[in-house]
Amino acid sequence: MSQPHHHHRYSYAEYVAFETFSETKHEFLDGDIYAMAGGSEDHTVLAAEMIRLLGNILVDRPCRVYTTDMRVHIIAPNLSTYPDVSVICGPLEKYEPGPEATALNPMIVVEVTSDSSEEYDFGKKREYYQTIPSLQEYVVLSHRERRITVWIREGSAWSARTSVRGEQIVLPSLPAELAVDEIYRKTSIP
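Using the working numbering, read the sequence shown as starting at 35 and increasing by one per residue.
Structure representation (structure tokens):
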């Protein structure tokens, strides 16, 4: 995560207004605005593959797969962010009424790491996401190697499972299994 845009603490309405006219995406964390780093080609391909694979699984279900344009708001830390991929089943629950949707109820969130986001994606951001009541799986794809970690909600606890080349990831909420190599097949990641 970058440093805050300014030292002024912003309201959520100011953030949304700022974001409306910005050419880059920003994360809002309890009054501070942080620029989000752009992704590499492999980053974009990984997110697109997850969207394609999840979309194929969910084609006949009342679920939608969203790109990074769907902002997600997390109440507890007052965080609005743009996951690389999110899945929402049932009606979209919005944080604030308005022209741009900000979802409160993702069932699955997917992040692809980068050099600048890796520690945050595995650390505080994971903790923030895990406070979302509707979230069942948090999926992190490595940008360094064919490695995917899935945190799965099991009652009030979370367990992590890491899968590598030649293995499958399991998403019990769907239920579905996805091959790690299928997700990474169009990337240059070894």
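For each residue, glycine too, the CB sits at the ideal point set by N, CA and C.
Asked, Found
"Thr232 to Gly73, Cα distance in whole Å?", "The displayed coordinates of the chain run from 35 to 224. Any statement about residue 232 would go beyond what the structure contains."
"Keeping to the same chain, check which residues put their C-beta closer than 6 Å to that of Ile142; ignore five residues upstream and five downstream.", "Val121, Glu171"
"Got a sec? Which residues, its chain only, sit under 8 Å from Tyr44 by beta carbon, not counting five neighbours each side?", "Phe52, Phe62, Gly65, Asp66, Ile67"
"Which residue or residues does DSSP assign as beta-bridge partners of Leu138?", "According to DSSP, which records beta bridges pairwise, Leu138 is partnered with nothing at all."
"Among the candidates Ile108, Leu87, Gln164, whose CA atom is the shortest distance from the CA of Ser189?", "It is Gly, not Ser, that sits at residue 189 in the sequence shown. Among Ile108, Leu87, Gln164, the Cα nearest to that of Gly189 is on Gln164."
"With DSSP run on the structure shown, which of helix, strand or coil describes Thr101?", "coil"
"The alpha helix (DSSP H) that contains Phe55, what's its start and end?", "Neither: Phe55 is in no alpha helix (DSSP H) and is coded neither H nor E."
"Does the Cβ-Cβ distance between Ile108 and Leu208 come in under 8 Å?", "no"
"Can you say whether Thr58 is buried or exposed, counting buried as having 16 or more other CB atoms within 10 angstroms of its CB?", "exposed"
"DSSP has Thr196 in a bridge; who is on the other side?", "Thr183"
"Measure the C-alpha to C-alpha separation of Arg199 and Ile85 and round it to an integer number of angstroms.", "20 Å"
"Can you look up Thr78 in the DSSP assignment and give me helix, strand or coil?", "helix"
"For a quick check, are the C-beta atoms of Tyr46 and Glu145 less than 8 Å apart?", "no"
"Would you grab the beta carbon distance between Ile186 and Pro167 for me? Rounded to a whole angstrom, and I think it's under 8 Å.", "The pair is not a contact, with the Cβ atoms about 15 Å apart (cut-off 8 Å)."
"On the DSSP letters alone, give me the boundaries of the alpha helix (DSSP H) that Ile217 sits inside.", "214-218"
"Return the Cβ separation of Ile217 and Glu83 in integer angstroms, given the expectation that the two are a contact with Cβ distance under 8 Å.", "5 Å"
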